[in-house]
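Student:
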Amino acid sequence: MEALIAIVAVVVMMMIGVPVVFSFAGMTLILSLLYDVDISSLMTTGFWSINSVILVALPLFVMTGYLMQTGGIAKRLVDFVEAMVGRSRTGMGTSMVVACGIFGAISGTASAAVASIGSIMIDPMERHRYSRGYASALLALSSLLGLLIPPSITMILYAVVTRQSVAACFLATVGPGILLMILLSILNAIHVKRHLGGNDAKTPWRQRLSETASTGWKAIPALMLPVIILGGIYGGVFTPTEAAAVAVVYAIPVGLFVYRELDLRKVAQAVVEAAKTTGVIMIILVFSFVASRIFTLEGVPQQLTDLLLENFSDPVIILLMVNIFLILIGMIMDDVSVIAIVSPLMVPVMAEIGVDPVHFAAIIGTSVVIGANSPPMAPILFMSCRVGNVGMAGVTRPALYLMAFGAFPVMLVTTYWSPLALYLPRMFGFVQ
Numbered sequence: 071m072e073a074l075i076a077i078v079a080v081v082v083m084m085m086i087g088v089p090v091v092f093s094f095a096g097m098t099l100i101l102s103l104l105y106d107v108d109i110s111s112l113m114t115t116g117f118w119s120i121n122s123v124i125l126v127a128l129p130l131f132v133m134t135g136y137l138m139q140t141g142g143i144a145k146r147l148v149d150f151v152e153a154m155v156g157r158s159r160t161g162m163g164t165s166m167v168v169a170c171g172i173f174g175a176i177s178g179t180a181s182a183a184v185a186s187i188g189s190i191m192i193d194p195m196e197r198h199r200y201s202r203g204y205a206s207a208l209l210a211l212s213s214l215l216g217l218l219i220p221p222s223i224t225m226i227l228y229a230v231v232t233r234q235s236v237a238a239c240f241l242a243t244v245g246p247g248i249l250l251m252i253l254l255s256i257l258n259a260i261h262v263k264r265h266l267g268g269n270d271a272k273t274p275w276r277q278r279l280s281e282t283a284s285t286g287w288k289a290i291p292a293l294m295l296p297v298i299i300l301g302g303i304y305g306g307v308f309t310p311t312e313a314a315a316v317a318v319v320y321a322i323p324v325g326l327f328v329y330r331e332l333d334l335r336k337v338a339q340a341v342v343e344a345a346k347t348t349g350v351i352m353i354i355l356v357f358s359f360v361a362s363r364i365f366t367l368e369g370v371p372q373q374l375t376d377l378l379l380e381n382f383s384d385p386v387i388i389l390l391m392v393n394i395f396l397i398l399i400g401m402i403m404d405d406v407s408v409i410a411i412v413s414p415l416m417v418p419v420m421a422e423i424g425v426d427p428v429h430f431a432a433i434i435g436t437s438v439v440i441g442a443n444s445p446p447m448a449p450i451l452f453m454s455c456r457v458g459n460v461g462m463a464g465v466t467r468p469a470l471y472l473m474a475f476g477a478f479p480v481m482l483v484t485t486y487w488s489p490l491a492l493y494l495p496r497m498f499g500f501v502q
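Under this note's numbering, the very last position in the sequence shown is 502; numbers go up by exactly one each time.
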């Protein structure tokens, strides 16, 4: 009961506008009072928990996203994808989905994808008769591929909080990410046919081939980033943290000297933005580690496990209840908060019913895609509205359509068909 009171308190504080960092601090203070715990000794545990080399990757990947956004890398990626997919009406929406997927394979953040891809693509999509509301909704769902396609900042946090391999968690979300990309592209094609009258004039294949070759040549430096990052990690050349450092070192000269859209002022701005974002995450992690320690000392995870197993004996029902809970809590918390609070509580429950922690990484990742686009909080959906210059009323219906027939089926398949998440981790030897 005390743990429930603390969690409700942090939710209420967020809903009334208390900053996330102070909400977590308040939750930790409430827990210490309810359980009569000396918080001063536990704060040391929290600080030691973030003393991790793995977490150095956070500011570096965030900074890479900002450098891509301001250094012309994102624009070249979009140009290449548009030329490859085609500049027809259907091709424009598919280009946004694929571009967000590629962007996610470099930066690992949804917000950076919304800002960079959205600012480039929403106006051209409107010229192809897409409504700004639908384009913004498609952007919101597609940008969250950055949480699934590795490297993913969310998966780094999950790995740190649950003591799992970062590389294994990266691999677990590849299958769900690719499946979501395919479903969003299919749903977009159906939307174009039903509501926009089908495709406009198609680009002749010779012209498309020529444009693909031209834009592909210009995009080679940008396309090498995911090759270097993922190839280096899974080829054993460097760790995820080293990969993040290599991404920054590579992105700066590409933006400065190849595309010539980056300057020292923008580099400094990227450093500041990365520091601000990472600072907030790190403070949240400190308090979440302290709260997790209190939960463990008081046996809360075991109590939660016993409660579920006493009321539900079927693992299928338990997983469905967990899915619903993750969606509901994701509606009122951002992805970092969900990972920080829910993961330590739920991993013991999952272990009790035979769900691998790496599999649960994919489950929680796909659920965040739905929660981050569901009111009342819906941080990514609100950000897409700002980028698309459209109100929530125009975005809500298409977003629900894309979630109902795209994101929700992916979450269910990921939850109940474990090979989608575990095939690649098993192939690389991370999971037995």
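Even glycine gets a Cβ: it sits at the ideal position worked out from N, Cα and C. Note that this is a predicted model, so its numbers are computed, not measured.
1. Around the Cβ of H429, are there at least 16 other Cβ atoms within 10 angstroms (buried) or fewer (exposed)?
2. DSSP three-state label for Q139, please.
3. Fully enclosed by the stretch 223–256, which alpha helix (DSSP H) runs are 4 residues long or longer?
4. If we count Cβ pairs, one from each stretch, closer than 8 Å, do we get three or more for the stretch 390–405 versus the stretch 340–347?
5. Taking only the alpha-carbon atoms, compute the straight-line gap between D405 and V483 and give it to the nearest angstrom.
6. With a CB to CB cut of under 6 Å and the five nearest residues on each side skipped, what residues in its chain are close to T232?
7. Can you list, in chain order, the residues of its chain whose CB lies under 7 Å from that of S284, leaving out five sequence neighbours each side?
8. State the Cα-Cα distance for the pair P479 and T134, rounded to the nearest angstrom.
9. If you compare alpha carbons, which of M352, N443, R264 and V465 is closest to F94?
10. With a floor of 4 residues, list each alpha helix (DSSP H) that falls wholly inside the stretch 141–170, ordered by position along the chain.
11. Would DSSP call W287 helix, strand or coil?
12. Assuming V460 contacts G203 under a Cβ cut-off of 8 Å, what Cβ separation, rounded to an integer in Å, is found between them?
13. Looking at the secondary structure, which residues open and close the alpha helix (DSSP H) in which I190 lies?
14. Is Y329 helix, strand or coil by DSSP?
15. Give me the Cβ distance between A315 and L130, rounded to the nearest whole Å; I'm assuming they're in contact under 8 Å.
16. From I260 to P468, what distance separates their C-alpha atoms?
17. Beta-carbon separation of A205 and G458 under 9 Å?
18. Would you call N393 buried or exposed, if buried means 16 or more other Cβ atoms sit within 10 Å of its Cβ?
19. In this structure, how does DSSP classify L218 when only helix, strand and coil are distinguished?
20. Apart from the five residues just before and just after L249, which ones in its own chain have a Cβ nearer than 6 Å to its Cβ?
21. Taking the alpha-carbon positions, what's the S235 to L492 distance?
22. What are the boundary residues of the alpha helix (DSSP H) that S362 is part of?
23. Which residue from L208, G174 and P89 puts its Cα closest to that of Y136?
24. How many Å lie between E196 and G161 at the Cα?
25. Taking the beta carbon of N280 as the centre, do at least 16 other beta carbons fall within 10 Å, making it buried, or is it exposed?
26. Which word fits Q139, buried or exposed, when buried means at least 16 other C-beta atoms lie within 10 angstroms of its C-beta?
27. Decide yes or no for the touch test of the stretch 204–223 against the stretch 103–118: beta carbon pairs closer than 8 Å, at least 3 of them.
28. On the premise that I143 lies in contact with Y304, defined as a C-beta separation below 8 Å, what is that separation, rounded to the nearest angstrom?
29. How far does the alpha helix (DSSP H) with D57 in it reach, from first residue to last?
30. Look up A448 in the DSSP assignment and say whether it is helix, strand or coil.
31. Please list, in chain order, all residues of the same chain as G441 whose beta carbon is under 6 Å from its beta carbon, the five residues on each side excluded.
Tutor: The short version:
1. It is buried - the Cβ of H429 has at least 16 other Cβ atoms within 10 Å.
2. helix
3. 223–232 and 236–242
4. Counting C-beta pairs closer than 8 Å gives fewer than three between the stretch 390–405 and the stretch 340–347, which falls short of the contact rule.
5. Each residue's Cα considered, the two are about 21 Å apart.
6. So the list reads S413, V417 and P427, once near-sequence residues are dropped.
7. The answer is none, since no qualifying residue turns up.
8. 31 Å
9. M352
10. 143–155
11. helix
12. For V460 against G203, the beta-carbon gap comes to about 5 Å, under 8 Å, which counts as contact.
13. A180 to R197
14. coil
15. 6 Å
16. 12 Å
17. Cβ atoms of A205 and G458: closer than 9 Å.
18. buried
19. coil
20. V480
21. Roughly 13 Å between the two C-alpha positions.
22. L334 to L367
23. G174
24. 13 Å
25. What sits at residue 280 in the sequence shown is Ser, not Asn. Exposed.
26. It counts as buried.
27. no
28. With 8 Å as the limit, Y304 and I143 do not qualify as a contact, their Cβ atoms being about 22 Å apart.
29. Shown here, the chain extends from 71 to 502; a query on residue 57 therefore has no answer.
30. Note: A448 maps to coil in three-state DSSP.
31. I397, G400 and M401
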